[in-house]
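Visitor: In UniProt numbering, the protein residues as written are 1 to 324. From the three backbone atoms N, C-alpha and C, an ideal C-beta is built for every residue, glycine too. Quick caveat, the model's predicted, so the values are computed rather than measured.
#1: Please report how far the alpha carbon of residue 209 lies from the alpha carbon of residue 179, in whole angstroms.
#2: Suppose you measure from the CA of residue 202 to the CA of residue 261; what does that come to, to the nearest Å?
#3: Check the Cβ-Cβ distances between residue 229 and every residue of chain C, and say whether any is below 8 Å.
#4: Compute the Euclidean distance between the alpha carbons of residue 270 and residue 139, then round it to the nearest angstrom.
#5: Output needed for residue 132: all residues of its chain with C-beta closer than 6 Å, excluding positions within five of it in sequence on either side, in chain order.
#6: Excluding the 5 residues preceding and the 5 following residue 219 in the sequence, name in chain order all residues of the same chain whose CB lies nearer than 6 Å to its CB.
#7: Mind reading off the beta-carbon distance from residue 176 to residue 160? Whole number of angstroms is fine, and I expect it under 8 Å.
#8: With burial defined as no fewer than 16 other Cβ atoms inside 10 Å of the residue's Cβ, what is the status of residue 174: buried or exposed?
#9: Touching or not, the stretch 60–74 and the stretch 28–47, by the rule of three or more beta carbon pairs under 8 Å?
#10: Out of curiosity, what's the CA-to-CA distance linking residue 315 and residue 249?
#11: Using only CA atoms, which one of 75, 230, 41 and 56 lies nearest to residue 206?
#12: Helix, strand or coil for residue 80, going by three-state DSSP, please let me know.
#13: Helix, strand or coil: which one does DSSP assign to residue 23?
#14: Compare the Cα-Cα distances from residue 301 to each of 188, 320 and 238 and report the closest residue.
#15: Just to confirm, are residue 90 and residue 115 a CB contact at a threshold of 8 Å?
#16: Decide if residue 411 is buried, meaning its Cβ has at least 16 other Cβ atoms within 10 Å, or exposed.
#17: In chain order, what residues of the same chain lie with their CB nearer than 7 Å to the CB of residue 84, ignoring the 5 residues before and after it?
#18: Applying the criterion that 16 or more other CB atoms from any shown protein chain within 10 Å of the CB defines a buried residue, is residue 128 buried or exposed?
#19: In or out: residue 214 buried (at least 16 other Cβ within 10 Å) or exposed?
#20: Contact defined as beta carbons within less than 8 Å: I believe residue 166 pairs with residue 252. What is the distance between those atoms, to the nearest angstrom?
#21: Ignore the nearest five residues each way along the sequence and tell me which others in residue 304's own chain have a CB closer than 6 Å to its CB.
#22: Alpha carbon to alpha carbon, how far is residue 265 from residue 211?
#23: For residue 70 and residue 310, which I take to be in contact (beta-carbon distance under 8 Å), what is that distance rounded to the nearest angstrom?
#24: Does DSSP put residue 142 in a helix, a strand or coil?
#25: Classify residue 286 as buried or exposed, calling it buried when 16 or more other Cβ atoms lie within 10 Å of its own Cβ.
#26: State buried or exposed for residue 232, treating a residue as buried only when at least 16 other CB atoms are found within 10 Å of its CB.
#27: Taking 8 Å as the cut-off, decide whether the C-beta atoms of residue 73 and residue 134 are in contact.
#28: Given a threshold of 16 other Cβ atoms within 10 Å of its Cβ, counted over all protein chains shown, does residue 149 qualify as buried or as exposed?
#29: Just reading off the alpha helix (DSSP H) that residue 90 is part of, what are its end residues?
#30: To test your reading of the DSSP string, which unbroken beta strand (DSSP E) runs of 3 or more residues are found completely within the stretch 284–324?
#31: Less than 6 Å between C-beta atoms, sequence neighbours within five positions excluded: which residues of the same chain meet that for residue 122?
#32: Tell me the DSSP bridge mates of residue 46?
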């Protein structure tokens with residue numbers, strides 16, 4: 001799964017110092033980079049990262065960080081001071097909110113987020129909307145729009161939303177973790193909610209007892225749809241095994257194949273980014289904005305603290321790759 005709440009003891013004990021990645025192809029990030037599951041966007045000269053909440057801060061709400069240069073980051077608060085009341089009934093025992101996704105359509109920002117508890121498939125993806133991402137704007141207010149999809153009693157897990165529009169402008173939400181792998185449903189504008197009750201489509205599956213695949217994000221580029229997922233295990237500090245892999249399809253509904261022609265439904269996946277074999281461990285929980293790959297990794301030099309990573313995506317022969 002992707003929750004920070006499951007590693008609250010690790011997080012509470014960790015210091016921020018020394019948590020920024022060093023890279024030959026991207027600047028060293030500074031400031032508050034204590035991040036898990038980043039949703040990264042740029043609006044004008046402002047960059048924002050929304051990320052998984054910490055149950056010890058602001059009722060576990062989604063956290064906000066901002067930067068005016070993409071290098072030095074500051075904490076900018078949370079989406080709400082308290083979670084919407086209906087979440088406690090929808091997912092009893094929920095601590096913090098996970099894995100946000102930011103998507104803009106027709107002047108509105110849509111914030112999708114996960115409501116779950118560690119190791120459970122009884123989850124909900126919920127939605128809030130806003131007209132601005134600037135916390136200093138007097139119009140800044142996230143409005144609760146309720147449930148998008150729930151997974152209680154199903155064979156999938158409703159967490160880790162990622163939004164993409166197809167060639168006709170129809171929005172789709174990929175999601176999923178473990179269980180039956182990565183799924184997708186159609187949404188509708190302007191509500192941003194689920195279009196119908198049709199069974200979710202299947203996009204990726206490892207076919208393993210511990211089906212460690214999650215955090216889907218679909219990128220539309222040059223007539224292809226690229227399904228980027230995290231494979232392996234997160235939330236284990238320096239023992240995490242996350243890596244980021246990809247498959248592509250001409251159809252948003254798949255099938256998604258890797259560079260060798262193996263379907264992601266058959267445990268395929270071409271590696272985009274793995275740990276560096278030293279201090280940068282288990283990259284995953286990713287999002288993509290333009291040609292920037294945002295992710296977290298576990299900093300081995302700081303006892304496995306979850307840390308923000310931003311790297312340029314390099315495209316070669318129709319496939320993305322990132323390098324530390």
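Guide: Walking through what the data contain:
#1: The count along the chain shown starts at 1 and reaches residue 209 at position 209. The count along the chain shown starts at 1 and reaches residue 179 at position 179. Cα to Cα, the separation comes out at about 9 Å.
#2: In the chain shown, the residue the question calls residue 202 occupies position 202. In the chain shown, the residue the question calls residue 261 occupies position 261. In a straight line, the C-alpha of residue 202 is about 18 Å away from that of residue 261.
#3: This model lacks chain C altogether, as it is built from one protein chain only.
#4: The count along the chain shown starts at 1 and reaches residue 270 at position 270. The count along the chain shown starts at 1 and reaches residue 139 at position 139. Whole-angstrom Cα-Cα distance: 43 Å.
#5: Counted from its first residue, the chain shown places residue 132 at position 132. Taken in chain order, the residues that qualify are 139 and 140.
#6: Position 219 of the chain shown, counted from the first residue, corresponds to residue 219. Correct list, in chain order: 226 and 288.
#7: Position 176 of the chain shown, counting from 1, holds the residue named residue 176. Position 160 of the chain shown, counting from 1, holds the residue named residue 160. Between residue 160 and residue 176 the Cβ distance is about 6 Å, and since that is below 8 Å, they are a contact.
#8: Numbered from 1 along the chain shown, position 174 holds the residue referred to as residue 174. Per the 10 Å Cβ criterion, buried.
#9: yes
#10: Counting from one through the chain shown, the residue named residue 315 turns up at place 315. Counting from one through the chain shown, the residue named residue 249 turns up at place 249. Rounded to the nearest angstrom, the two C-alpha atoms are 16 Å apart.
#11: Taking the chain shown and counting its residues from 1, the one referred to as residue 206 is at position 206. Minimum Cα distance to residue 206 is reached at 230.
#12: Taking the chain shown and counting its residues from 1, one reaches residue 80 at position 80. Coil, per DSSP.
#13: Your numbering for residue 23 matches position 23 in the chain shown. Because the pLDDT at residue 23 is just 40, under 50, the model does not fix this residue reliably, and the value given afterwards should be weighed accordingly. In this structure, residue 23 counts as coil in the three-state DSSP scheme.
#14: As a working note, residue 301 is residue 301 in the chain shown. Residue 238 is the option with its Cα nearest to residue 301.
#15: As a position in the chain shown, residue 90 is number 90, starting the count at 1. As a position in the chain shown, residue 115 is number 115, starting the count at 1. Contact: yes.
#16: Not covered by the structure: residue 411. The range shown for the chain is 1 to 324.
#17: As a position in the chain shown, residue 84 is number 84, starting the count at 1. Excluding sequence neighbours, residue 84 sits near 144.
#18: Along the chain shown, read from residue 1 onward, the residue named residue 128 stands at position 128. Classification for residue 128: buried.
#19: As a working note, residue 214 is residue 214 in the chain shown. The residue in question, residue 214, is buried, as its Cβ has 16 or more Cβ neighbours within 10 Å.
#20: Along the chain shown, one-based indexing puts residue 166 at 166. Along the chain shown, one-based indexing puts residue 252 at 252. So it is a contact: roughly 5 Å between Cβ atoms.
#21: Along the chain shown, one-based indexing puts residue 304 at 304. Same-chain partners within the cutoff: 237, 238 and 298.
#22: Reading the chain shown from its first residue, position 265 is the one you call residue 265. Reading the chain shown from its first residue, position 211 is the one you call residue 211. Computed Cα separation, rounded: 11 Å.
#23: By 1-based counting over the chain shown, the position of residue 70 is 70. By 1-based counting over the chain shown, the position of residue 310 is 310. Right, their Cβ atoms sit about 7 Å apart.
#24: Along the chain shown, read from residue 1 onward, the residue named residue 142 stands at position 142. Reduced to three states, the DSSP call for residue 142 is coil.
#25: By 1-based counting over the chain shown, the position of residue 286 is 286. Residue 286 is buried by the Cβ-count criterion.
#26: In the chain shown, residue 232 corresponds to position 232, counting from 1. It is buried - the Cβ of residue 232 has at least 16 other Cβ atoms within 10 Å.
#27: Position 73 of the chain shown, counted from the start, is the residue given in the question as residue 73. Position 134 of the chain shown, counted from the start, is the residue given in the question as residue 134. Contact flag unset, no.
#28: Taking the first residue of the chain shown as 1, we reach residue 149 at position 149. So residue 149 counts as buried.
#29: Taking the first residue of the chain shown as 1, we reach residue 90 at position 90. It spans 86–90 - the alpha helix (DSSP H) in which residue 90 sits, taken as one unbroken run.
#30: 292–299, 305–312, 314–316 and 319–321
#31: Here residue 122 corresponds to residue number 122 of the chain shown, with the count starting at 1. Excluding positions up to five away in sequence, the list reads 152.
#32: For this step, residue 46 is matched to residue 46 along the chain shown. 43, per the DSSP bridge assignment.
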